[in-house]
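Peer 1: Reminder that position 3 of the sequence shown reads as 3 in the UniProt record's numbering, one-by-one numbering, no gaps.
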Amino acid sequence: MKHPSSLPRSSATMVAEANEQVARISVDELRTLLTNDAITLLDVRETGEHAACTIPGAVCVPRGMLEFHADPASPFHRAGMAPSRNYVLFCGSGGRSALAALTLQTMG
C-alpha cells in the first residue's frame, strides 16, 4: 500500500513519531518499578533474538504478534496481557519497542 503523501514515511520517521507519543523511562526508574512489581516487562524482539540475553521475568512477545497477544478477543491472546496492567517494552535498539508501545496505546 502506498502512503498518500508525496513524501514516503521512513521507518526512522515512524520511530521518531512514536517516541514523541510514548513515555520513556530510565534504567533507575525501571529498577524501582520492578522492585514494586508495578509493571510487566515485554521483550518485543523476535524469538531467535532473545535466546542469549533478556531481562529476567520479561515476557517474550514478538513485535509481529503483539496485537494478537494483547487482544482478549484474539485466539492468540496471552492471559497475562491485561489492559489494566502497566507495561515496559524493550527491544535491541528501541525502535520496535517505541512502535509497539504506540500500538498498545492505540489499542487502549
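Where is the CB? At the ideal position from N, CA and C, for every residue including glycine.
How is residue 43 classed by DSSP in three states: helix, strand or coil?
Peer 2: In the structure shown, residue 43 sits in a strand (DSSP, three-state: E or B).
Peer 1: Verify whether the separation of the beta carbon atoms of residue 63 and residue 24 is less than 7 Å.
Peer 2: no
Peer 1: Whose C-beta lies closer than 7 Å to the C-beta of residue 123 among residues of the same chain, with five residues either side of it excluded?
Peer 2: Examination of residue 123 is not possible in this model, given that the chain is present from 1 through 108 alone.
Peer 1: By Cβ distance, which residues of its chain are closer than 8 Å to residue 105, with the 5 residues on each side in sequence left out?
Peer 2: 21 and 22
Peer 1: Closer than 7 Å by C-beta to residue 87: which residues in its own chain qualify, once you throw out the five before and the five after it? Chain order, please.
Peer 2: 39, 40, 42 and 104
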